[in-house]
Amino acid sequence: MFGFSTFGIAMALLKWLPLKLVDKVLLLLATIILGNTDQLGLRRPKTGPIELKNATGKTPVLDVGALSQIKSGKIKVVVEGVKEITRNGARFMNGQEKEFDSIILATGYKSNVPTWLKGCDFFTKDGMPKTPFPDCWRGSEGLYIVGFTRRGLLGTTSDAVEIANDVAQLWKTNKDCRSSCNSHIILLK
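In our numbering, the protein residues as written are -3 to 185.
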């Protein structure tokens, strides 16, 4: 925010203000700077970022690059409940089926992968990748995962960079994909 890390701003404010008030200030600033993300299908948690960090040990993150792509319409947010992932896309709770070139599953902080990803031995029964860090970001058949390293933002960043490089390499070598791919995000509840 304003060229400073949100965490840095929060720590400075916490010297003078109570946590709940700091969270309210951060949420207000985020709304002013980013706009109402609910209108884009990106619902924010009711808990403030510092309280959430204290309660769960997890840091809430919003990728402003992805947000700008969503605002421009290049990435579409799909908020319907997903019944199942199909070979070419997804089938929704309302019975509708859509095809996607790419699916990004934003499932939250607790892995629920074993409940919906069937026929894949990439994950343990606890929903964590079997392959250890730093090579746990890529599965088979186009499966990529981010944030399963238990190494905080540094591990998430490492995963994201590896995936971006891998996808870029695929796009460079696959002309058909470059001319026909559309980007989509599916949010699972």
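Virtual Cβ for every residue (Gly too), placed ideally from N, Cα, C.
Query                                                                                                    : Result
Residue 169 to residue 22 span [Cα, whole Å]                                                             : 43 angstroms
Residue 118 beta carbon less than 9 angstroms from that of residue 125                                   : yes
Residue environment, residue 116, which counts as buried when at least 16 other CB atoms sit within 10 Å : exposed
Span separating the alpha-carbon of residue 121 from that of residue 162                                 : 27 angstroms
For residue 85, three-class secondary structure by DSSP                                                  : strand
Between the CA atoms of residue 100 and residue 107 - distance to the nearest angstrom                   : 14 angstroms
Contact under 9 angstroms by Cβ, residue 155 with residue 141                                            : yes
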